[in-house]
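So the structure is just underneath, and the comments pick up after that.
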Amino acid sequence: MSIDPREYSIQMKLKDISTFIPVMSYKGGVGKTTISTLLSLCLADVGYSVGLLDLDFTNPCVHRMLGIDVKKLMPKEEKGILPVEIENVGVMSIAFFTKDNPTPLRGAELNDVFKELLSITAWGKLDFLILDMPPGLSDVSLDVLKYFKRDLYPLIVSSSSRLAIVPTINLFKLMKELKLSPIGVVINGGIGTMSVYREVTETYLREGLEVIGSIEKDEKLEEVIGSPMELRRTLAYASIKKVCFRALSTTKKVAS
Ligand SMILES: Nc1ncnc2c1ncn2[C@@H]1O[C@H](COP(=O)(O)OP(=O)(O)O)[C@@H](O)[C@H]1O
Ligand SMILES: [Mg+2]
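Residue numbering for the sequence shown follows numbering that gives the first Met the number 0, beginning at 0 and increasing consecutively.
Encoded structure:
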């Protein structure tokens, strides 16, 4: 049994959250933050209560995606720290406290920040908490799998590169070992040729990992980072709607 009182506090703070969706990938730069943000906006747009937690402690980006100025804004305190509300999404990030300064962290320090952030954040009642994860299966990812034991439905993000195949399938295998049911994989960015894309998706399907959506390379995306209104007008947002409804059917919130 743990003697860390924060563990009790974490369970209390998470108890009214119905579903957790960690957005994971084997490496960085494949679109986890983009997809976490768009998925959160989409779920909020169809009327669900949504929180978005940035767990990439050494490179938090969610606030930049949504145009939150962490130097000006501070989450309020009320029986815990309240997430910053933007476009009907409650956002929590270490960046609110570090003010975008560098945060080199390792091993036990990462675990400490994780526990601290989760034990202070008062999410209240939520249909979904989307977790923007660091790449791979590092300390924080393993913590998530430890603390979010119930109602956990990971969403895997992959590029359409041949290099993505083996590590993505390994990530999927690990999830199965942990008895987790991922919602599926989203292929993001559209690099390579159509035939390579087909090879990647067919390999995933053969391994039992369903491709539930593809997001094409969208040049406009970069220009509208920081503007949730404009983000909603991108091709990427249109493509995420399918993923959003799939997430809803897998987590049994609506019929498929
Ligand atoms: N479908 C896409 N089309 C164009 N640019 C994209 C797309 N998805 C992500 N990006 C860009 O790629 C970069 C990395 O994406 P990000 O979401 O930060 O990845 P990760 O969180 O996995 O490191 C960002 O600059 C983002 O704007
Ligand atoms: Mg990221």
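Just so you know, even glycine gets a beta-carbon here, dropped at the ideal spot from N, CA and C.
Nearest C-alpha to Lys124 among Val143, Ser137, Val88: Val88. Within the segment 7 to 48, the complete beta strand (DSSP E) segments of 3 residues or longer fall at 16 to 23, listed in chain order. Excluding residues up to 5 positions away in sequence, Ile80, Leu81, Val83, Phe95 lie with their Cβ nearer than 6 Å to the Cβ of Pro74 in the same chain. With a cutoff of 7 Å, Asp55 counts as near ligand 2, since its C-beta is closer than that to a heavy atom of the ligand. With a threshold of 16 other beta carbon atoms within 10 Å, Asn187 meets it and is buried. At least one heavy atom of ligand 1 falls within 7 Å of the beta-carbon of Ser24.
Out of Lys216, Glu215, Ile168, the CA that lies nearest to the CA of Glu201 is found in Ile168. Comparing C-alpha distances from Thr57 to each of Leu37, Leu109, Ala43 shows the shortest one belongs to Leu109. Between Leu116 and Ile85, the beta carbon gap of about 18 Å keeps them out of contact (Cβ cut-off 8 Å). Linking Val223 to Tyr236 through their CA atoms gives a straight-line distance of about 12 Å. Annotated three-state conformation of Val69 is coil, per DSSP. DSSP places Leu208 outside both helix and strand once states are collapsed to three, so it counts as coil. For Gly106, the enclosing alpha helix (DSSP H) covers residues 106 to 119. For the segment 136 to 202, the full-length beta strand (DSSP E) segments reaching 3 residues or more read 154 to 157, 183 to 187 along the chain.
In the displayed model, Met132 falls within coil according to three-state DSSP, outside both helix and strand.
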